[in-house]
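What follows is a single structure, written as C-alpha cells, with notes after it.
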Amino acid sequence: MTLKNFLYTGALAVTLSGCAGDMFVVLPHEDGSVGSVVVHQNGKDTVLDKANSAVKAGDSKTFTLASKDIEQRFGRALTGLPPAARSYTLYFKEGTVTLEDGSAPVMEEMRKDVASRKAGEIMVIGHTDRVGTLTNNDLLAYGRAVAVSDLLIAGGINRDTVIIAGRGEREPIVATDDEVEEPRNRRVEISVR
Amino acid sequence: MKPIITVSLKSVTFCLGAALLAVALGGAPSALAADSIGLVKTSSGAVSINRDGQKVDAAAGAKLYQSDQVVTGNDGAVGMTFIDNSRLSLGANSALALERFRFNTTTHEGEFISSVQKGTLAAVSGKIAKQTPEAMKVRTPSAILGVRGTKFLVSVEK
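Those sequence lines, one after another, are chains A and B.
Read left to right, the first sequence gives residues 1 to 193 (my numbering).
Read left to right, the second sequence gives residues 1001 to 1158 (my numbering).
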C-alpha cells in the first residue's frame, strides 16, 4: 500500500465513523397519514414511507424507531416545531372582488388565530373558477387577494405580516371543465401560520 | 485499489462539503435574494443566525434569508416557518444551512435545499414538495434526502 492509498483509506475510515451516528426517520402527520422520504447515500436509495420507519447512515436496512427513542433523540427539536398553518376561506361574487355576505365570522376567527401565534403571519391567496383565460384569472385572483389584504390592513392587521399571492384557476376546490362557472372556486384563502 | 480510492475521495468530499459550505457562507459576500424566505417562530436558549459573516438576532419574528446558517448551542432550540408553509426546527448543538430557496407563489414551483451540518432537525414539508416531489432536499455529511411530502427527522453526529 502506498502512502497515498493509506491516507485515502484512513480518510474513508474517519469519514464512515464520523457519519455512523446519522439517522433519518419518517413520522406520521397530525392526521395520521404518512408521506415519504428517499434517502440517497453511497449510490443507493432507501425509501422511508411508514410511520416511524428509520435508516442509519451507511446502511440500507430500515427499522422502526421506538417512540421513546424518538423522544430521547429528537424531543427537543420536535418541541420547537411551529404549529401547522391553518386556512380560512372567503367567497366572492362572480367576476368581482366583492366578498359574499356572511364573511365576517370567518374574518373574526382568522383574526383570533393569527393573534394567538408567535410571530403570526397571513398569506392571502386568491383563486378563481375556470371561466376566462389563465392570464386573466391570474390577474383576477391577485386582485381578490389584494382586496382582502386591504380589508385586513384597514381592520388593524400589521401590513408587514401579510403576503399576497394569486393562484388563478390552478387550485380549484371543485374540479370542473374549462369555462365552467363554479362559485365554490371563486374564493380567497387566508393561510395563517 | 483504484475503486476504493474513488469511493473514499467521494465520501471525503461529501462529508467535507457541509464544512466547506459553512466557510463559503461565512467568507464570501454572497448574492442574497432580496426577499425573506421565512421567519423564526420559536427560539429558546442560545440561537444565532450567521449571515454574510455576521451574527444576527434569532429571536421569534426574525426574518430568514437564503444562505443563512442557523446555529443552536447547548441549551438552544429554534423553530422556523417558510413561505411555502414548510416548517423546520432544530434541537440543541445543531447547525443548519439554508442553501437554496425559491418559491413561485402562483405556480408553487420551486426548490428548498438545506444542509444539516450537525445536531437534530425536525421538519414538515410544504407546498414546494407537494408540487414537485423531491424539490425539497436535505443534505447531511452522509446522505441526501429527497422529500416527497412528509414529516421527518434527521440527526447528524459529529
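Ideal placement from N, C-alpha and C gives every residue a C-beta, glycine not left out.
As the structure is a computational prediction, the values presented were derived from the model and not from experiment.
Asked, Found
"Other residues of its chain near residue 1049 of chain B: CB distance less than 6 angstroms, five sequence neighbours each side excluded", "1056, 1058, 1068, 1070"
"The stretch 183-192 of chain A touching the stretch 79-91 of chain A, judged by at least three CB pairs closer than 8 angstroms", "yes"
"Boundaries of the alpha helix (DSSP H) in which residue 1085 of chain B is found, first to last residue", "Counting along the chain, residue 1085 of chain B falls outside any alpha helix (DSSP H), and DSSP gives it neither H nor E."
"Within-9 angstroms CB hit, residue 1154 of chain B to chain A", "yes"
"Own chain residues within Cβ distance below 7 angstroms of residue 1146 of chain B, not counting five before or after", "1134, 1137"
"DSSP beta-bridge partners of residue 45 of chain A", "A:40"
"C-beta atoms of residue 1123 of chain B and residue 1158 of chain B nearer than 9 angstroms", "no"
"Assigned secondary structure, residue 1037 of chain B (DSSP; H/G/I helix, E/B strand, else coil)", "coil"
"Burial state of residue 1027 of chain B (16 or more Cβ within 10 Å)", "Its pLDDT being 34, under 50, residue 1027 of chain B is placed unreliably in this model, and the value from its coordinates should be taken loosely. Residue 1027 of chain B is exposed by the Cβ-count criterion."
"Cβ of residue 163 of chain A within 9 angstroms of any chain B Cβ", "yes"
"CB contact check: residue 39 of chain A to chain B, cutoff 9 angstroms", "yes"
"Chain B contact for residue 144 of chain A (CB, 9 angstroms cutoff)", "no"
"Residues that DSSP places opposite residue 1114 of chain B in a beta bridge", "B:1098, B:1138"
"Any non-hydrogen atom of the ligand NAP within 8 angstroms of residue 62 of chain A CB", "In the structure shown, the ligand NAP is absent, as is every other ligand, since no ligand is present at all."
"9 angstroms Cβ cutoff met for residue 153 of chain A and residue 123 of chain A", "no"
"Local Cβ density within 10 Å of residue 121 of chain A, reported as buried at 16 or more and exposed below that", "buried"
"The stretch 1113-1127 of chain B touching the stretch 1093-1100 of chain B, judged by at least three CB pairs closer than 8 angstroms", "yes"
"Length of the line joining the Cα atoms of residue 1047 of chain B and residue 1062 of chain B", "11 angstroms"
"Residues near residue 1089 of chain B by beta carbon distance below 8 angstroms, same chain, minus five either side", "1042, 1077, 1078, 1079, 1080, 1121, 1122, 1123"
"Exposure label - residue 1029 of chain B; buried when at least 16 CB within 10 Å", "Below a pLDDT of 50, predicted positions are generally treated as unreliable, and residue 1029 of chain B, at 32, falls in that range; the measurement from the model is reported next regardless. That one is exposed."
"Residue 1083 of chain B and residue 41 of chain A closer than 9 angstroms at C-beta", "no"
"Host beta strand (DSSP E) of residue 1147 of chain B (start-end)", "1144-1147"
"Residue 44 of chain A classed as buried or exposed, judged by whether at least 16 other C-beta atoms fall within 10 angstroms", "exposed"
"7 angstroms Cβ shell around residue 84 of chain A - same chain, five flanking residues per side excluded", "30"
"Whether residue 1045 of chain B touches residue 1073 of chain B by CB criterion (9 angstroms)", "yes"
"Own chain residues within Cβ distance below 6 angstroms of residue 193 of chain A, not counting five before or after", "85, 121"
"Per-residue DSSP class, three states only, for residue 1131 of chain B", "helix"
"Per-residue DSSP class, three states only, for residue 68 of chain A", "helix"
"As assigned by DSSP and simplified to three states, the class of residue 88 of chain A", "strand"
"Opposing strand residues paired with residue 74 of chain A [DSSP bridges]", "BP columns for residue 74 of chain A are empty, so no partner."
"Under the three-state DSSP convention, the category residue 137 of chain A falls into", "helix"
"Residue 47 of chain A and residue 38 of chain A closer than 9 angstroms at C-beta", "yes"
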